[in-house]
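To start, the structure under review is shown below, and the notes come after it.
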Amino acid sequence: MSVSINKVEENKTERLKEIVNHLVQPMGKSGIGFKIWIAFLSILAIAALAMYIKQIQEGLSVTAMRDIASWGIYISNFVFLVAVSLVGSLITAILKLNKIKWATSLTRISEIIAVAAVIFALIIIVVDMGRPERLLNIFMYGRLQSPIVWDIIVVNTYLVISLLLLYLPLIPDLALLRKYKTDVPKWQSELYRILSLGWQGTDEQYKILKKSINILMVLIIPVAFAIHTVTSWLFASTLRPGWDSTIFGPYFIAGAFMVGAAAVVVAMYIFRVKYNYQCYLTDYHFNMMGKLLVLTSLIYLYFNVNEFMVPFYKMKTAESSHIKGLFSGEFSMMFWMVQILGMIIPIILLLFKKFRKPKPMMIIAVIVVIGAFFKRYLIVTPTLLHPFLPVQNYPESYHHYVPSFEEWTITLGSIAGVLLIISVFVKIFPIIPIWEVAHEEGIDNDILNK
Amino acid sequence: MENKNSENKKKNSRREFLQKLGLVGMSAFVGQSILSSCNNDKATVTGKKIKVLNQNHQLVEVDASSVTPIAIDETTDYLQKQGREGLEGKKFALVVDLSKCKNARKCMDTCQSVHQLRPEQHHLNVLLMKDNEHTASYYMPKHCQHCDNPPCVKVCPVEATFKRKDGIVLIDNERCIGCRFCIAACPYSARSFNWYEPKDAELYADVPYDIEKNVPQRKGTVTKCTFSADCLREGKLPYCVSACPNSVYYFGNIYEDSVTNGTSGETVVLSKLLAENAGYRLMEDLGTAPSVYYLPPKDRTLIPVDESSKS
Numbered sequence: 450m451s452v453s454i455n456k457v458e459e460n461k462t463e464r465l466k467e468i469v470n471h472l473v474q475p476m477g478k479s480g481i482g483f484k485i486w487i488a489f490l491s492i493l494a495i496a497a498l499a500m501y502i503k504q505i506q507e508g509l510s511v512t513a514m515r516d517i518a519s520w521g522i523y524i525s526n527f528v529f530l531v532a533v534s535l536v537g538s539l540i541t542a543i544l545k546l547n548k549i550k551w552a553t554s555l556t557r558i559s560e561i562i563a564v565a566a567v568i569f570a571l572i573i574i575v576v577d578m579g580r581p582e583r584l585l586n587i588f589m590y591g592r593l594q595s596p597i598v599w600d601i602i603v604v605n606t607y608l609v610i611s612l613l614l615l616y617l618p619l620i621p622d623l624a625l626l627r628k629y630k631t632d633v634p635k636w637q638s639e640l641y642r643i644l645s646l647g648w649q650g651t652d653e654q655y656k657i658l659k660k661s662i663n664i665l666m667v668l669i670i671p672v673a674f675a676i677h678t679v680t681s682w683l684f685a686s687t688l689r690p691g692w693d694s695t696i697f698g699p700y701f702i703a704g705a706f707m708v709g710a711a712a713v714v715v716a717m718y719i720f721r722v723k724y725n726y727q728c729y730l731t732d733y734h735f736n737m738m739g740k741l742l743v744l745t746s747l748i749y750l751y752f753n754v755n756e757f758m759v760p761f762y763k764m765k766t767a768e769s770s771h772i773k774g775l776f777s778g779e780f781s782m783m784f785w786m787v788q789i790l791g792m793i794i795p796i797i798l799l800l801f802k803k804f805r806k807p808k809p810m811m812i813i814a815v816i817v818v819i820g821a822f823f824k825r826y827l828i829v830t831p832t833l834l835h836p837f838l839p840v841q842n843y844p845e846s847y848h849h850y851v852p853s854f855e856e857w858t859i860t861l862g863s864i865a866g867v868l869l870i871i872s873v874f875v876k877i878f879p880i881i882p883i884w885e886v887a888h889e890e891g892i893d894n895d896i897l898n899k
Numbered sequence: 090m091e092n093k094n095s096e097n098k099k100k101n102s103r104r105e106f107l108q109k110l111g112l113v114g115m116s117a118f119v120g121q122s123i124l125s126s127c128n129n130d131k132a133t134v135t136g137k138k139i140k141v142l143n144q145n146h147q148l149v150e151v152d153a154s155s156v157t158p159i160a161i162d163e164t165t166d167y168l169q170k171q172g173r174e175g176l177e178g179k180k181f182a183l184v185v186d187l188s189k190c191k192n193a194r195k196c197m198d199t200c201q202s203v204h205q206l207r208p209e210q211h212h213l214n215v216l217l218m219k220d221n222e223h224t225a226s227y228y229m230p231k232h233c234q235h236c237d238n239p240p241c242v243k244v245c246p247v248e249a250t251f252k253r254k255d256g257i258v259l260i261d262n263e264r265c266i267g268c269r270f271c272i273a274a275c276p277y278s279a280r281s282f283n284w285y286e287p288k289d290a291e292l293y294a295d296v297p298y299d300i301e302k303n304v305p306q307r308k309g310t311v312t313k314c315t316f317s318a319d320c321l322r323e324g325k326l327p328y329c330v331s332a333c334p335n336s337v338y339y340f341g342n343i344y345e346d347s348v349t350n351g352t353s354g355e356t357v358v359l360s361k362l363l364a365e366n367a368g369y370r371l372m373e374d375l376g377t378a379p380s381v382y383y384l385p386p387k388d389r390t391l392i393p394v395d396e397s398s399k400s
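Residue numbers (the working numbering), protein chains in the order written: chain A, 450 to 899; chain B, 90 to 400.
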């Protein structure tokens, strides 16, 4: 009898070793492809930094923004990054609180995307400031009436909770890494030692950990809704046609869940292929994420219909020039590409099972993410170019807005920065939560602690 | 050596410029008679009376000998304090008679030169309006509307833009962080941003910042119409109002129900002017409650030819 128990235990220990080895295997080692990738991202990030230094020296005149289009691609990129970051709460909190098992192996992927995106959202908002050295004025003279102050409060809160949701589930894995991943440089093992906070892995500790994660998962949902709702209010709190809308909050949230789900699909595909994680990021995962993407896209489509059809039907004076600009004017090409290629066609394709396979889904998800980026551009720019009063006595360039080279470089650099954080993270930490996978396979704490 | 000389010259000319600037400011502030009284022996009563305006804006007579010019505190701190408070017992209003505007643009030019603005920066913009295809076009000078419910002030995260008790909305370019939320929020597109280094920045390098004039301008901050709050403090009409050759502008105090025409100097009853000429405000439906009133463009002295205006 005791022999067979021992046998089972031995099997489980073997299985755990297998899991750990598989999940830590891509860490540390880096092939030539990865080095090129990092170099590429670094060049983009350094170029962006150089352009930002130029912008500080010469002022915002290096951008294409002027008095009429006074916000541009920086602000739309900010909205995009905040939108992407919402996925952390969607996958980690909403799915996990609903006890959806397949979400387990996606939590860390989505949480690191959230953290990286929100960090660069904060950076890009400083880049947009005319006087960045006066940033502290917001704390010295901050006025609670201003949606910007609300945004700063909730985005920072979201960052803190997201960091905790990334870090807390990492602690048991760090303890495991100390045991199993010994072939690392000294600083890295030291990092694991410090960050694992002397984790013992007792049942009591796991109980506290799970409880803390549960509390954070509940907390992050209202904060996540708040960050994107408040971000939408930066626009909806004005009187301008195209922004003066009561559904902007849910419209933005729905769009954020859509682009966030797509971003996770892209990341899933890359990890699955590069790291041979087919057994953790299975076809089933892609199938389910595909269904989730269809659901979020359909909700977003519904809000789009409301947002554009209602003013289109009424054609109020101020709204009509905005709507005409989007439907048939200077933005029509981009508008219809975004709406049809970036939303409607993905919905239709993903309704079919054969498109919910990893490869086709990855391609669709990339298109959704690119579409989502330009969607934010279409939310910010056309409205500013169609003010209530005629645009007169300005140079010709004031009537249009095409981002300058500097703006594009900084924008691409910020996205490269997000990818850089994620890429470096996966070289130091396991991207699939080891202990959670182990628990799901019935490997209990005693074996984990051995 | 030559280099140094030219440098000195530059410095000198700047000093001269500043001295002139200060002198003009002084004389404007205390009046020519007070300046001339500086040389008089202060012990003897001259018997010569001069009129001065006291703090409560009452005109009083005093003996010339008892008048000594006071050093005007022109430090930024003082200017900031008085600029944020505003003038007691006043609520300013501008009336624009659209039937008189001939697009002379003297107001725009004066405004731009006084406020150190580049040609494409407008505190004040004269627009060619055409409300619909059947109505005739007209010129409409558009200032900041100095709203009583200002959308720009609401959204400012640092109280750089604020509304004073006399109804004027100002911007503090020493506090502005350059987020441009106020520009996005303004339905009248009345605000401008210093995308570039301001015009003639080196000439203004040593001038203390006057929040009521918003000069010197600063790169990376928002700028806007001030209703010429610096003139109003001296009891003068705004720069644009005085510059108009066509009697377009009336300016005054709502509490006194009187406005003065900047060209003719004629003072009329505000409520009567608005009632008799069907005065209105821009985009009343937005609830911004502007301080700028327009008189409709009827019986125009100049009907603009439609240059198929850009809109």
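The beta carbon of each residue, even a glycine, is placed where N, CA and C say it ideally should be.
No experiment lies behind these values; they were computed from the predicted model shown.
Counting only runs of at least 4 residues, the segment 677-739 of chain A fully encloses the following alpha helix (DSSP H) elements, listed from N- to C-terminal order: 697-723. Secondary structure note for B:T315: it is in no beta strand (DSSP E), with a DSSP letter that is neither H nor E.
Counting only the Cα atoms, A:V715 lies some 27 Å from A:F854. At a cut-off of 8 Å between beta carbons, B:N303 makes no contact with chain A. Judged by DSSP in its simplified three-state form, B:T356 adopts strand. The CB of A:T687 comes closer than 9 Å to the CB of P240, V244, F270, A273, A274, C275, P276 in chain B, given here in chain order.
Under the Cβ criterion of 8 Å, B:Y227 is not counted among the residues facing chain A. Excluding the 5 residues flanking it on each side, A:S872 has same chain C-beta neighbours closer than 8 Å at F483, W486, I487, L490, in chain order. Here A:I597 is near A:L683, since their CB atoms are less than 8 Å apart. Residue environment: A:I789 is assigned as exposed (fewer than 16 neighbouring CB atoms within 10 Å of its CB, all protein chains considered). Taking 8 Å as the CB threshold, A:N526 stays off the interface with chain B. The residue from B:G376, B:L375, B:V381 with its alpha-carbon nearest to that of B:L359 is B:V381.
Nearest neighbour of A:P879 by Cα position, chosen from A:E560, A:V603, A:T678, turns out to be A:E560. CA-CA distance, A:V815 to A:I797, rounds to 16 Å. DSSP places B:T250 in the strand class (E or B) of the three-state scheme. Against chain A, a Cβ distance below 8 Å from B:C265 picks out G579, R580, R583. Membership of B:E150 in any alpha helix (DSSP H) is not indicated; the residue belongs instead to the beta strand (DSSP E) covering 148-152. Cβ-Cβ separation between A:T745 and A:A703: approximately 7 Å, consistent with a contact (criterion under 8 Å). Counting only runs of 3 or more residues that sit fully inside the segment 196-228 of chain B, the beta strand (DSSP E) segments are 214-218, in chain order. Using a Cβ-Cβ distance cut-off of 8 Å, the segment 501-512 of chain A and the segment 527-543 of chain A are not in contact, since fewer than three pairs of beta carbons, one from each stretch, lie closer than that value. Here B:T310 is buried. Its C-beta has 16 or more other C-beta atoms within 10 Å. Ranked by Cα distance from A:L493, the first of A:A887, A:E889, A:I864 is A:I864. Note that the C-beta distance between A:L530 and A:I573 is below 8 Å. Rounded to the nearest angstrom, the gap between the Cα atoms of B:N335 and B:R280 is 25 Å. Under the criterion of beta carbons closer than 8 Å, A:I813 and A:L799 qualify as touching, at roughly 6 Å.
Under the 10 Å beta carbon count, A:N460 is surrounded by fewer than 16 other beta carbons and is classified as exposed.
The segment 819-832 of chain A makes contact with the segment 673-692 of chain A; the number of CB pairs closer than 8 Å reaches 3 or more.
Between B:F316 and chain A, the shortest Cβ-Cβ separation is not below 8 Å.
The three-state secondary structure of B:N350, taken from DSSP, is strand.
Not one beta carbon of chain A lies nearer than 8 Å to the beta carbon of B:T199. Against chain B, the beta carbon of A:V598 has neighbours under 8 Å at P246, listed in chain order. Only residues of its own chain outside the window of five on either side were considered, and among them R280 have a CB closer than 6 Å to the CB of B:I272, listed in chain order. Under the 8 Å criterion on CB atoms, A:W857 is classed as non-interfacial with respect to chain B. Runs of the alpha helix (DSSP H) lying entirely within the segment 451-500 of chain A and spanning at least 4 residues, in chain order: 451-473.
For the options A:E458, A:N663, A:D622, the alpha carbon positioned closest to that of A:N547 is the one of A:N663.
Neighbours of A:P831 in chain B, taken as residues whose beta carbon is under 9 Å from its own, are absent, since the nearest beta carbon is some 13 Å off.
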